[in-house]
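Undergrad:
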Amino acid sequence: MILLFGPTGAGKSVQGKMLAARKGWQWISTGELLRQNADDQTIEMLKTGELISDNIIYKVFEKAIGDIYSNGDSNFIIDGFPRNKNQAEWFSDYIKKSGKQIDIVVVLEVPDSEIMTRLEKRNRMEDTPETIMRRMNIYRQKMYPVLGILADAGARIVHLDGTGTVGEVHDRIYSEVKIVCQD
Ligand code: AMP
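Quick note: to get the numbering used here, add 56 to the position in the sequence shown (first position is 1).
Below, the structure written as structure tokens:
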């Protein structure tokens, strides 16, 4: 299991999908699942850039994992979860109970100024300058406790440069993933 971390606009989704395609693994993005399936109230919440309530996220995550297992797959790349301390503790328990292991946590590092430039071009419903700033602040406040809990759960954490071309970033990620996941 691979976890992808990074602020909004760091390229988690593009990189997650590329890596999933190359390894034949499933990609789970809580943000993408919410955008596709959420009710009107949750969509309004998404537009503010605030985090969605933990209970909704657990449901979305468990459903996605359940679907993957029922398809006979067992390996996945998780993008955008866990995102706060409670979620990280919940996830750490989930890992223990399920007997799974986190092979690696990849943290994509991109300067705020470059994120702003990237998101101005992306044009998603929640990408206004105010919500972008809010999401970057939320990410930076909550990231360290989450990484601490994942490190305590035994995860190997690597911080990688998320700037450059999509291919360059993919190569950086892949060379780290190769060390821990040979299959
Ligand atoms: P993303 O596509 O990962 O940038 O997520 C888009 C939005 O979905 C975020 O700004 C949050 O509102 C919501 N979201 C995604 N994942 C989570 C999560 N693990 N916990 C709470 N909210 C989330």
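Using N, Cα and C, we set each Cβ at its ideal position, and we do this for glycine too.
Would you check if the segment 217 to 235 and the segment 73 to 86 touch, i.e. whether three or more CB-CB distances between them fall below 8 Å?
TA: yes
Undergrad: Nearest-angstrom Cα distance between A144 and R196?
TA: 15 Å
Undergrad: Would you identify the three-state DSSP class for V37, choosing helix, strand or coil?
TA: This structure leaves residue 37 out entirely; the chain is present only between 57 and 239.
Undergrad: What are the boundary residues of the beta strand (DSSP E) that includes D135?
TA: 132 to 135
Undergrad: Which one of V162, P138, Q238 has the shortest CA to CA distance from I151?
TA: I151 has its Cα closest to that of P138, out of V162, P138, Q238.
Undergrad: So is S169 buried or exposed if we call it buried at 16+ other beta carbons inside 10 Å?
TA: So S169 counts as exposed.
Undergrad: In three-state terms, what does DSSP make of Q82?
TA: The answer is strand: DSSP assigns Q82 an E or B state.
Undergrad: Out of I58, L59, T64, L60, point me to the one whose CA is closest to N193's CA.
TA: The option with the nearest alpha carbon to N193 is T64.
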